[in-house]
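Undergrad: Below: one structure in structure tokens.
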């Protein structure tokens with residue numbers, strides 16, 4: 123074997139290594155922007171689904187994209203204008219009721235303490251938290267108290283400014299995502315053409331196949347997520363609204379449906395509006411509504427949604443949870459939102475490029491079952507032999523029988 127140590131080969135390898143390192147470093151520093159581009163591609167596919175249906179009905183492409191984009195944008199705006207004010211009003215009412223609730227709790231505490239002599243001797247009396255006594259306890263006069271209040275307000279201003287910056291950044295990123303999505307929808311073929319011009323001609327058909335596989339994967343995720351949202355909204359509204367008569371049940375149901383876009387963690391977010399609306403209307407109702415909602419989410423998250431995602435995407439839930447942890451560490455909150463479609467796309471690319479193209483496993487069926495002793499048994503590997511890997515105690519003495527390598531196919 124003759125090894126080529128020529129100068130040109132060395133330069134090519136060096137440039138290739140430098141290019142790979144630069145691409146890795148650039149991808150790391152631009153990961154947030156690339157994730158926004160991934161979100162824009164998902165939004166573009168979500169818009170393309172109804173737009174494609176309109177095109178099948180004879181609507182021109184440009185008009186179909188415009189109608190679908192306008193409809194989805196208006197729907198998002200209306201949901202925000204409906205849900206957010208209800209939550210803000212409910213939280214304001216809840217905050218306004220806090221002094222009354224504290225007073226009621228103090229009276230109940232005093233009544234309970236005065237019921238018996240041992241409790242009266244054991245528990246201290248509740249201090250009346252009026253302004254005058256608070257000043258006496260703190261040792262502040264009127265001027266010092268005013269200075270203290272001004273200091274608290276000045277400390278809160280940076281927090282409010284940070285919240286405002288987050289809101290402005292969210293709005294700017296949302297507009298950027300919508301704008302990029304529209305550009306992707308106008309002429310999607312042009313982007314595929316550019317990518318094809320960067321590849322050798324022998325890989326063009328394979329690139330188109332992988333492009334279609336990724337598109338169908340994201341489409342299946344959108345369909346599965348839509349079904350999950352619909353089921354959650356209907357169940358929460360029927361049970362909490364119609365049966366338990368919880369106030370603003372439809373708002374809570376829609377909030378719970380949208381929260382399913384964040385797997386695992388999103389199931390607990392609707393407890394916030396449930397607490398806001400029930401504590402304002404009837405605090406005792408929260409003790410009934412919250413467990414029933416968690417029961418609904420337990421059924422939906424462990425029975426309905428896994429069944430839908432297993433059929434549409436074949437994604438293991440443990441892998442999804444692990445991907446969420448990694449996505450949060452790398453990308454923050456947006457990574458948590460896009461963990462599921464990101465995992466689905468990565469799984470598709472690994473299957474097509476590594477398993478099928480590199481390992482040659484296309485058409486090979488692999489089935490693994492659990493044995494009675496807790497081991498694993500390979501019952502179908504695309505050939506006629508059953509090979510077994512058992513992790514039980516007795517498996518070590520029969521290693522030559524438990525593990526056998528498949529013979530290469532001639």
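In this note's numbering, the protein residues as written are 123 to 532. In this text, a Cβ means the ideal position worked out from N, Cα and C, and glycines have one as well.
1. Using C-beta distances below 6 Å, list every residue in its chain close to residue 190, excluding the 5 sequence neighbours before and after it, in chain order.
2. Determine, using beta carbons only, whether residue 461 and residue 449 come nearer to each other than 8 Å.
3. Any idea if residue 368 is buried or exposed, counting beta-carbon neighbours within 10 angstroms, 16 or more meaning buried?
4. Are the CB atoms of residue 186 and residue 176 nearer to each other than 8 Å?
5. Can residue 340 and residue 155 be called in contact, C-beta distance under 8 Å?
6. Can you give me the start and stop residues for the alpha helix (DSSP H) that residue 493 sits inside?
7. Below 7 Å CB to CB, which residues in the same chain sit around residue 400 once its five sequence neighbours on both sides are set aside?
8. Please report the straight-line C-alpha distance between residue 499 and residue 487, rounded to a whole angstrom.
9. If you reduce the DSSP assignment to three classes, tell me which class residue 366 lands in.
10. Would you decide whether residue 422 is buried or exposed? Buried here means 16 or more other CB atoms lie within 10 Å of its CB.
11. Compute the Euclidean distance between the alpha carbons of residue 301 and residue 230, then round it to the nearest angstrom.
12. Can you say whether residue 134 is buried or exposed, counting buried as having 16 or more other CB atoms within 10 angstroms of its CB?
13. For residue 426, does the three-state DSSP call read helix, strand or coil?
14. With 16 other CB atoms within 10 Å as the buried threshold, where does residue 463 fall?
15. With a cut-off of 8 Å, do at least 3 Cβ pairs link the stretch 189 to 204 to the stretch 479 to 496?
16. Mind reading off the beta-carbon distance from residue 363 to residue 372? Whole number of angstroms is fine, and I expect it under 8 Å.
17. Provide the residue span of the alpha helix (DSSP H) that contains residue 131, from first to last.
18. Is residue 359 helix, strand or coil by DSSP?
19. Can residue 385 and residue 446 be called in contact, C-beta distance under 8 Å?
20. Given that a residue counts as buried once 16 or more other Cβ atoms are within 10 Å of its Cβ, and exposed if not, what is residue 388?
21. To the nearest angstrom, how far is it from the Cα of residue 202 to the Cα of residue 333?
22. For residue 297, which option in 207, 131 and 159 has the closest C-alpha, if you only look at C-alpha atoms?
23. Go ahead and pull the three-state DSSP assignment for residue 399.
24. Let's see if you can read the secondary structure: which residues bound the alpha helix (DSSP H) around residue 239?
25. Measuring only the C-alpha atoms, how far is residue 206 from residue 379?
26. Kindly indicate which three-state DSSP category residue 204 falls into: helix, strand or coil?
27. Taking only the alpha-carbon atoms, compute the straight-line gap between residue 244 and residue 382 and give it to the nearest angstrom.
28. Are the CB atoms of residue 465 and residue 437 within a distance shorter than 8 Å?
29. Quick one: what's got a C-beta closer than 8 Å to residue 366's C-beta in the same chain, skipping five residues either side?
30. How would you call residue 347, buried or exposed, if buried means at least 16 neighbouring beta carbons within 10 angstroms?
TA: According to the structure data:
1. For residue 190, where only same-chain residues beyond five positions count, the Cβ hits under 6 Å are 169, 172 and 173.
2. Remark: C-beta atoms of residue 461 and residue 449 approach each other more closely than 8 Å.
3. Answer is buried; the Cβ neighbour count reaches 16.
4. Yes, these two residues count as a Cβ contact at 8 Å.
5. No. Outside cutoff.
6. The continuous stretches of alpha helix (DSSP H) do not include residue 493, and DSSP gives it neither H nor E.
7. These residues qualify, in order along the chain: 368, 407, 408 and 411.
8. If you draw a straight line from the Cα of residue 499 to the Cα of residue 487, it comes to about 14 Å.
9. Residue state, collapsed to three classes: coil.
10. Taking a 10 Å sphere around the C-beta of residue 422, we find 16 or more other C-beta atoms and assign the residue as buried.
11. For residue 301 and residue 230, the distance between alpha carbons rounds to 57 Å.
12. Per the 10 Å Cβ criterion, exposed.
13. In the structure shown, residue 426 sits in a helix (DSSP, three-state: H, G or I).
14. Its Cβ being crowded by 16 or more others within 10 Å, residue 463 is buried.
15. Contact check between the stretch 189 to 204 and the stretch 479 to 496: fewer than three CB pairs, one atom from each, fall below 8 Å, which does not count as touching.
16. Indeed they touch by this definition, with Cβ atoms about 6 Å apart.
17. Segment 129 to 151, the alpha helix (DSSP H) holding residue 131.
18. Residue 359 sits in a helix when the DSSP states are folded into three classes.
19. Yes, Cβ-Cβ distance for residue 385 and residue 446 is below 8 Å.
20. Here residue 388 is buried. Its C-beta has 16 or more other C-beta atoms within 10 Å.
21. Take the alpha-carbon of residue 202 and the one of residue 333: they are about 34 Å apart.
22. The option with the nearest alpha carbon to residue 297 is 159.
23. Residue 399: helix per DSSP, three-state reduction.
24. Residues 239 to 244.
25. Cα-Cα distance, rounded: 15 Å.
26. Of the three classes helix, strand and coil, the one that applies to residue 204 here is helix, per DSSP.
27. Cα to Cα, the separation comes out at about 48 Å.
28. Yes, these two residues count as a Cβ contact at 8 Å.
29. Around residue 366: 407, 410, 411 and 414.
30. Classification of residue 347: buried, given that the 10 Å Cβ count is 16 or more.
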